[in-house]
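The structure under discussion appears below in the form of structure tokens.
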Amino acid sequence: MSETLRVPSAMLNRLLKVAPALSRRKIAKGRAVYRQGEFSEQVFVVVSGRIGITMLRAGGQELLIDIVGAGALCGEGAAFDGMPRFSSANALEPSEVLAIPAADFCKLMSSDAELAALIVQTIALKQRTLASRLVQVAQASPEVRITELLSQITLPDSPAIILTHQQIANLIGASRITVTRAMQKLRREGAVRCKRGQYELVRAHRGASASPENGAMVRA
């Protein structure tokens with residue numbers, strides 16, 4: 010599942026079944042899958058691990074804009090439109106990806122209707138999730154957006170992801186000060202616990218869609 014997109018694994022499973030010889034790359038923690046500004050015709054599908062999607066501002070500040078996991082499709086925009094990549098992708102933990110040339114990706118779609126349908130569904134889900142995040146920025150409280158994020162980016166058997174308040178702010182569309190104040194409020198309400206700078210999500214804030222079965226942790 011993709012962390013903030015929650016992409017089902019059906020597309021990945023189908024790709025591995027119909028094209029087992031696809032190029033698989035192991036990416037060490039901290040290493041790049043691709044970089045902003047590059048020209049590339051490769052589409053990437055995450056097989057395992059977690060990948061952080063970042064963008065550089067004009068002043069050189071790096072913004073974390075998404076975190077994706079197994080089953081996620083990334084880099085497809087630049088692969089098909091021939092434009093420079095507008096973001097970078099870096100491994101947040103040891104990861105593995107499929108690297109597929111755009112031409113081969115199109116051939117796979119044209120020869121396998123089931124796979125093509127799954128890819129279209131995945132792209133549609135990305136668009137729907139983006140729209141949902143925009144609605145959250147406009148309507149949901151910072152506390153709801155933070156607890157939704159914390160519940161999404163952490164898996165029970167995966168290591169904690171280290172995020173600063175600024176990175177959380179970038180992911181939920183808020184200011185760093187707003188995130189700091191919201192964290193303090195969540196702590197007072199008992200929704201999160203904090204020990205030595207590590208936040209543990211105890212329960213979802215009122216208005217959030219779900220509460221995690223296991224505590225989700227990040228350090229901020």
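Following our numbering, the numbering of the sequence shown begins with 10 at its first residue and continues without gaps. Heads up, the beta-carbon is just placed ideally off N, CA and C, and yes, glycines get one too. Computed from a predicted structure; not experimentally measured.
Other residues of its chain near residue i: CB distance less than 7 angstroms, five sequence neighbours each side excluded
i, result
"E47", "P93, R94"
"G199", "V211"
"L117", "V27, A28, L124"
"A37", "A100, P103"
"G39", "N99, A100"
"E108", "Note that residue 108 is Ala in the sequence shown here, rather than Glu. Around A108: S32, R34, Q51, F53."
"V106", "R34, I36, V42, F53, V54, V55, V56"
"T231", "The first residue shown for the chain is 10 and the last is 229, placing residue 231 beyond what the model contains."
Cutoff 6 angstroms; reference residue i; Cβ partners in own chain excluding five residues on either side
i, result
"N99", "A41, G61"
"G182", "V146"
As assigned by DSSP and simplified to three states, the class of residue i
i, result
"M92", "coil"
"R34", "strand"
"A67", "coil"
"A178", "helix"
"A87", "helix"
"A112", "helix"
"L117", "helix"
"G61", "strand"
"L172", "coil"
"E47", "coil"
Counterpart residues of residue i in DSSP-defined beta bridges
i, result
"K204", "Q207"
"A41", "N99"
"I76", "G61"
Buried or exposed (CB count within 10 angstroms, at least 16 for buried), residue i
i, result
"S96", "buried"
"K204", "exposed"
"F114", "buried"
"N179", "buried"
"V153", "buried"
"F53", "buried"
"G78", "buried"
"L24", "buried"
"S184", "exposed"
"R66", "exposed"
Check: residue i C-beta below 7 angstroms from any heavy atom of the ligand SAM
i, result
"V77", "Ligands in the displayed structure: none, and consequently the ligand SAM is not present."
Residue i - containing alpha helix (DSSP H), residue span
i, result
"E123", "122–148"
"L25", "19–27"
"P151", "151–162"
"L195", "185–198"
Span of the beta strand (DSSP E) around residue i
i, result
"S57", "51–57"
"A100", "97–100"
is_contact[residue i, chain C] using C-beta, thresh 8 angstroms
i, result
"I177", "Included in the structure is just one protein chain, with no chain C present."
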